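Comments concern the structure below.
Number of protein chains: 2
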Amino acid sequence: MQDALLALTRYWTERGAMVVQPFNTEVGAGTLNPATVLRVLGPEPWRVAYVEPSVRPDDARYGENPNRLQTHTQFQVILKPDPGNPQELYLGSLQALGIDVAAHDVRFVEDNWASPALGAWGLGWEVWLDGLEITQFTYFQQAGGQTLDPVSVEITYGVERIMMALQGVDHFKDIAYAPGISYGEAFGQAEYEMSRFYLDDADVETQRRLFEDYAAEARRLLDARLPVPAHIHVLKCSHTFNVLDARGAVSTTERAKAFARMRGLAREVAGLWSERRSELEHPLGTVPALPLAAAPTEFAAVDGTHPLLFEIGTEELPPHEVTRTAAAVERALTDKLAATRLGHGTVTTYATPRRVIAVVDAVEPVEPDAERTVRGPRASAAFDADGNPTKAAAGFARGQGVDPAELRRIDVDGVEYVGITRTDIGKGAVEVLSGVLGEVVAELRADKNMRWSDPKLSFTRPVRWLLALLGSTPVPVAVSALAAGTTTRVHRTAGDPVVAVSTADGYLDFLAGHGIVADQDKRRALVVSSAAELAVTVGGVIDGDSPLVDEITNLVEEPNALLGSFDARYLELPAEILTTVMRKHQRYLPVRDADGALLPHFVAVANGACDHDKVRAGNEAVLRARYEDASFFWRADLRTPPERMKEGIAKLAFEERLGSVAQRADRIAGVALVLGAAAGLSEEDSATLRAAAGLAKFDLGSQMVIELTSLAGTMAREYARRAGQPEAVAQALFDMELPRSGGGAVPTTVPGALLALADRFDLLVGLFAVGAKPTGSSDPFGLRRAGAGVVAILRAFPALAELTVPFGLSTAAEKVRAQGIAVDDAVLAEVAEFVKRRYEQVLLDAGVAHEQVAAVLPLADAPALADATVAELAGLTADPGFAGLVAALQRVRRIVPADTGAGYDPAALVEPAELELHQVFTKASAVGGTGLAGFVVAASPLTDPINTFFDAVLVMAPEPALRAARLGLLAAVRDWAAPVLDWQALGTTLEA
Amino acid sequence: MQDALLALTRYWTERGAMVVQPFNTEVGAGTLNPATVLRVLGPEPWRVAYVEPSVRPDDARYGENPNRLQTHTQFQVILKPDPGNPQELYLGSLQALGIDVAAHDVRFVEDNWASPALGAWGLGWEVWLDGLEITQFTYFQQAGGQTLDPVSVEITYGVERIMMALQGVDHFKDIAYAPGISYGEAFGQAEYEMSRFYLDDADVETQRRLFEDYAAEARRLLDARLPVPAHIHVLKCSHTFNVLDARGAVSTTERAKAFARMRGLAREVAGLWSERRSELEHPLGTVPALPLAAAPTEFAAVDGTHPLLFEIGTEELPPHEVTRTAAAVERALTDKLAATRLGHGTVTTYATPRRVIAVVDAVEPVEPDAERTVRGPRASAAFDADGNPTKAAAGFARGQGVDPAELRRIDVDGVEYVGITRTDIGKGAVEVLSGVLGEVVAELRADKNMRWSDPKLSFTRPVRWLLALLGSTPVPVAVSALAAGTTTRVHRTAGDPVVAVSTADGYLDFLAGHGIVADQDKRRALVVSSAAELAVTVGGVIDGDSPLVDEITNLVEEPNALLGSFDARYLELPAEILTTVMRKHQRYLPVRDADGALLPHFVAVANGACDHDKVRAGNEAVLRARYEDASFFWRADLRTPPERMKEGIAKLAFEERLGSVAQRADRIAGVALVLGAAAGLSEEDSATLRAAAGLAKFDLGSQMVIELTSLAGTMAREYARRAGQPEAVAQALFDMELPRSGGGAVPTTVPGALLALADRFDLLVGLFAVGAKPTGSSDPFGLRRAGAGVVAILRAFPALAELTVPFGLSTAAEKVRAQGIAVDDAVLAEVAEFVKRRYEQVLLDAGVAHEQVAAVLPLADAPALADATVAELAGLTADPGFAGLVAALQRVRRIVPADTGAGYDPAALVEPAELELHQVFTKASAVGGTGLAGFVVAASPLTDPINTFFDAVLVMAPEPALRAARLGLLAAVRDWAAPVLDWQALGTTLEA
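Protein sequences, first through last, are from chains R and C.
Our numbering numbers the first residue of the first sequence as 2 and each following residue consecutively.
Our numbering numbers the first residue of the second sequence as 2 and each following residue consecutively.
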């Protein structure tokens, strides 16, 4: 291992990195060394490499866990500015470590990084070596609350993991550290003893005092304008906090306060450091901005039509951005070409993680010329009595650079003006495309965007090259520092990773010749077919429809499926655990037999050619380690009864103002019981609900769920069953977490549904109350999903129609208020509206017409009821009688002022038409009817009397009493119909 | 610089060292990293190399001092066990750094290391590169109070210093740290800010709390049997203490308490670590002991006489041990040969730092045979009446393995025995020498001895080879793991550093041929002559008699003098400063002009051939840096008035129980004033004494003296003068520190003498009182020197004869007691006796006969008086009258029991002889006389009457009254003579 550290050090120093020493106070990661966290600030260049033993008290395991250490070794590299080829440099470093990157499957898998405590974030990847995460690679965007300019590239190697993979050992203790001495021999005792200290023996009171002392010292040093010692004290604070946390001594409130304090200090340190560097006039100089590419000035002329090939080369895009960017480029290109006069055929785009390709068929060689009329003054003002041009006309002509004699008369909407007609000479295709393509690149945007070395561009990942050919003519494109060329990049492990492209024709085949499948659909099909073929060999199948397949498709440029196996003994674990690990962590496709039972195999999809045996072995080892971990958690959890596990959630923070997870679980249980009472449950369901509510969220205290959060609910059911809980209780606990996503399965039991509702009502009310509602694309607590969940559950349980959304929300609000948190009624109204919007969206997504959706929205507080109404509406839309009724009711509504009450004195009515209406209404309203259909039956007799009433009666009679009676009658009709639907919203769509 | 660290890392890993990371809590030195301080304990092997940024808050200088940093970089290597050639390995590492060790002057200069706080010590060297200390090289003997077995070799490189030398820069900030970035650019801001923190801004109260918390946590962790985290907390304690110290916040008492606490914890950590490793069954295995060399069994026969050559090859001996070992070997060899029958000529020894050579001329080829008589029973008991052997004789014969018939008669002192005569066959010279030489090596001992890889040997430095030749016949010698061979080692930089030796003849010439001057006298002469020659070239001289020349002679095997220069502007500094730096730190010979004024030159003496220009440049740079430092201190000190400087000494610890230096200075002042009063000073001297006493020791608070302690007194005079103090006061402050060594100059003024006495009385009383008296070779406070100083001063100032040693000591005791420290009268008697022994030694060293010394010793409380008596004795020894008087007085003393009182009733006397004695004594004792001479004149008339008395009178008369009167008369004579001398001690040496 020490040779590896030396090799990395040598590699990076040879590339101009300075070497510093690990920091001499405990840090949790190399990032915290001032050589990173301070040096990435400000305009000075910095290129550094260092080893950093990183201390994470929480990971202490007495040296027993094969993959987890209280101190692990990071190798940290900072490249400031981004050198333009950091990924290539990084791959070179792997080769320096002796890793044959051509034989292995090395991939850059989206992984973004954010540390709110440091006011820092960045975008980047985790780097996979045959499925093993060996490095974190980040473009650092912000630190200490400051936007970084220039951006730094941060590369953090996990050295123990790399060593375990390289040496093929299963436990960190078995790593050969130095000749003749293993990691365990060298550091085993320290690992054990420090684990003891962090987990069992550190004195809590002492550590609390230390925390206070360090924080106070940091504060003083900031006031003394000494950022370096201040930073050291923030680090000491942070380590002490971690020790307290590992000792289980941090309450939710303390955690929130401590974080706020450290965050504040860290930001001040960053600010002060920047100021001081500025005062010192940036001793290391400043990074110059990359020069802009020269704007093209010459454009080749072409003959005839040609296809356009435009490739935007990027570093690995996040999978969902691959598809999204292809679509965006297609749209932008189409729109922008449409704004020119350049003739062209279809626009098609293709995308892989590293490129978006646009192909435009049959591009004309030039734009046609175009005539353009420029309007001057009115003709009447353009010529004087003598027919000579007036001053106005002369001025216009001069402005246009023509002789006044050239002015013509132009008719615009019947008014005569003078003006001139100009001919715009069509530009050559190359010139037109040059501009259009540049704009497409400049306007690229993603969900989350970042900066790199480019002075102007901003996108989800760096754009590194452009390729633009019209037929075989290069199209010069200059965007910021980028200039298009005639080369592309193929697999990084290819003999020559940069290849020349001579023509746009057959580019996809050209790429295929270099092992790149640019067409997403083809790539997807290839993933599915090759995986299925492999699965068959072990008598299994894979799920080709899984969203995972889409993700895999966008993680590779050339799918290269391989079948791996794992020890069948892991099949003793619940299948959800195994598949969750495969999917979420490893992007492996599970293999099942015909009955759906899991087989001890998986399909991994590597990128491009590789040594299958090596890559398989690597992936199998990773999965084994993960399953070993999972087994460890499983066994440990089974030793802990649910009741005790539940005690553990008191230590888990939920949200700083809303308290711990335990507090939230208590609120949920309380709300669920109120809902249950309101719903009038059976004795049996009541008992189940009470039992399940008492255990709500207990599995969040299990090691398994702490590790694999998506297994919440699943593990609750498993552990509850094994602890001897009734199946109904276990199922209710499972149901409670449903639905997990929009369109996901909903609870199947009433107690489960009530818990699930209570969960979501609490989440919505609590977070809205503390002001944490979703904004833009940010919805960290998944409130949109929670709102949609409420809707989905209530739709699925018409029997619970009593439980309206407002009722649920106000019940939840009571519990939140009981914790001393103010919940305004306005907030509840806002949440109700928020949920209503979710319901609206569901209906729209289901294809229900806008008007109908709007019409039933007043019923959305009880979505099952609204659903029924929607269904009835669907049956009525073709019914002309219904249309007449609707029109009549709408007419009533239009006429009666909103503030008119429904009471009237029938004795005041005089006209037959109004008496008729009164009688029919009295009868109809006495009958009533449930739902829309019932109402329609009851109300239909009113259609004619209403119409007659309006034809025959002057509503606004001069006599006040009469007028009042007439308006009151109409208002009564209106109010009777109102709860059924928003009749106005139906508009005139129904008129036959 | 980073390349250098990498080069060292690579070099040592290629030699099997493991690499660890710097420790992640602040340490003051690489030694404190558990990879050293814990791993050197116990039997496990360990070979490690690492960088250690070492934090010394006290060295913080805001980055302004060119050579001093709050964090400097150590490169630390531990070799456990000693590989047998660590020096050679180390030199290889210098070459790996690009240092041409053949061109430079690389030397191993004695420097031992001890850290009482760690319970640790070792012997070794500082390694010099052209006069610059670049490495500490230590054989670690003890750590945490435990004796180390095996011993570890610790090599600590001072990386910044090496870099400054290699790169030829004058300020650490100018070191090129990495390509394009200097040390200052990389770390300048941190250096400034951390200096601010350590010196100015760290919060004292907070740091005190941290210290307590860390110490308490260490205590708890020890109780939990977790040595690793306990050690970390001891380190945190230690660093916090250093911060407090740098902030000037540690009082003497606190320092003592803190050290005791840390020492105790550190020892417990070491003990616990050892226990735990043992419980873990020493995971790294145990170091096997080196096998013993096979004992020789065959010895070559030689013809004729040959010289014996015996060389003991060592690593660099401390200079004083070179001479001492040569003498010891000569003595041992002479004695041991004398115990054999092997004929041989003279035994001569020669020595250099790396070898002791014994040459024995004309060794006979074999021992002569020897006859040996074995005595049996008396002849009278050996034969029965028939002349047959008795049982006794038969038994004796059987025991001797001979036939009874072979028994002969032997006369012993006139008694006849039976016995046999045996012939001991003489052994061959080679066999005899083999044994003798082995014993000589096994019995080598020095002042301070150490262990290395050898399983049995112990000496001041490792013995690495033995060479033994009798003529050209190898003498096999086996001592422990060492076996003598026929090779020697020459300069390590020689093409072939190990050379074969074929014959003992002309070995010194042989060595001379390899550039080694083995004869110390020749080497010394060479040092003097070559240095003098060089000095002449700049019109100067050197002091060839200086003890420094002896030291230099023993620091090199081949003197290679070179003349260096320094900037004449440094001559503005007091010459003592410049010469002190040259001598003490650099072992350079100062060059003076004919008037004794210092010239801006020096002579350095390198070892062996080297590139003079490089070595000169290196030495000049070192001296420049040191003078730059000194100038800095000088200027800073001159800005501080003596009074304020004196305030600073309150912070300096003297001895933990005796308090601060300020307290000691106050005691000294008090004692001096009492002594002054007792001595009856002149008004002027009184005033001077008072003024000087008020400033006593003030210069210990100066930066110069803190740096160069031997300048105490010298700087006091300089600074006092420049602060406008009267010259007499300045001189008294200078005198106060005299004499600096045995035989050194004593004070020239009475006030100075009084202060000097007070200083030493206080030192003696204080340290004896707290039990810190010298033991064996250990005298850390220089009490022997202090005692000798008291004697020297009192001898030099006969006018102060009133001030007896007991008076001085009891005065000092009063002051010490005033501080609450018990001083037993027994202790004072012990100190007085201790001082008396010093006086005795002075006289003996001066050649005064033992008897005379003993005779005057009762007067030694006033050494000037005793001196006078010695002088008078010398004049009397040839005087027969004096001899008669002495004999008479001795006779009186012998006869009178010690408990007999001097009173007698003259009326009881009856005999004429006794009446005569009574009358003569009455007359003589009435006259009296001063000193011995006066006494002799007065007492001489008693000689005859005493002799007559004894001839004529029976002292022990039967009548009690008469007997009492006679004894009383004699006792009166005895008591009158007693104070003059110890007459008995003169023995019979004077009898003519």
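No residue lacks a Cβ here, since even glycine has one placed at the ideal position from N, Cα and C.
Bear in mind the structure is a predicted one, so any value in this text is a computation, not a measurement.
Are the C-beta of residue i and some C-beta of chain C separated by less than 9 Å?
i	result
residue 23(R)	yes
residue 178(R)	yes
residue 4(R)	yes
residue 277(R)	yes
residue 32(R)	no
residue 157(R)	no
residue 35(R)	yes
Within 10 angstroms of the Cβ of residue i, are there 16 or more other Cβ atoms? Answer buried if so, exposed if not.
i	result
residue 851(R)	exposed
residue 409(R)	exposed
residue 993(C)	Caution applies to residue 993(C), whose pLDDT of 46 falls short of 50 and renders its modelled position unreliable; the value that the coordinates give is listed next. That one is exposed.
residue 803(C)	exposed
residue 474(R)	buried
residue 548(C)	exposed
Looking at the secondary structure, which residues open and close the alpha helix (DSSP H) in which residue i lies?
i	result
residue 924(C)	913-928
residue 420(R)	No alpha helix (DSSP H) contains residue 420(R), which is instead part of the beta strand (DSSP E) from 416-425.
Show which residues of chain R have a CB atom less than 7 Å away from the CB atom of residue i.
i	result
residue 229(C)	190, 191, 194 and 195
Of all the CB atoms in chain R, is at least one closer than 9 Å to the CB of residue i?
i	result
residue 267(C)	no
residue 44(C)	no
residue 181(C)	yes
residue 1(C)	This structure does not reach residue 1(C), given that chain C is present from 2 up to 993, and the question cannot be answered.
For a contact meaning CB atoms closer than 8 Å, what does residue i contact in chain C?
i	result
residue 56(R)	25
residue 259(R)	Ordered by position in chain C, no residue passes the 8 Å Cβ test against residue 259(R), which lies about 18 Å from the chain.
Could you name the residues of chain C that residue i contacts, counting a contact when the two beta carbons are closer than 9 Å?
i	result
residue 247(R)	Near residue 247(R) there are no residues of chain C at all, since even the closest Cβ is about 13 Å away, more than 9 Å.
Can you name the start and end residues of the beta strand (DSSP E) that residue i belongs to?
i	result
residue 352(C)	348-353
Residues from the region 193-226 of chain C in contact with chain R, defined by Cβ distance under 7 Å: Residues of the region 193-226 of chain C with a C-beta atom less than 7 Å from some C-beta of chain R are 194, 195, 197, 198, 202, 204, 207, 210, 211, 214, 217, 218, 221, 222 and 225, listed in chain order.
Selection of the region 6-20 of chain C by Cβ proximity to chain R, strictly under 9 Å: 6, 7, 10, 11, 14, 17, 18, 19 and 20
Interface positions of the region 280-308 of chain R facing chain C (Cβ-Cβ less than 9 Å), listed along the chain: The residues in question are 281, 284 and 285.
Could you name the residues of the region 62-77 of chain C whose beta carbon sits closer than 9 Å to any beta carbon of chain R, in the order they occur along the chain? 72 and 74
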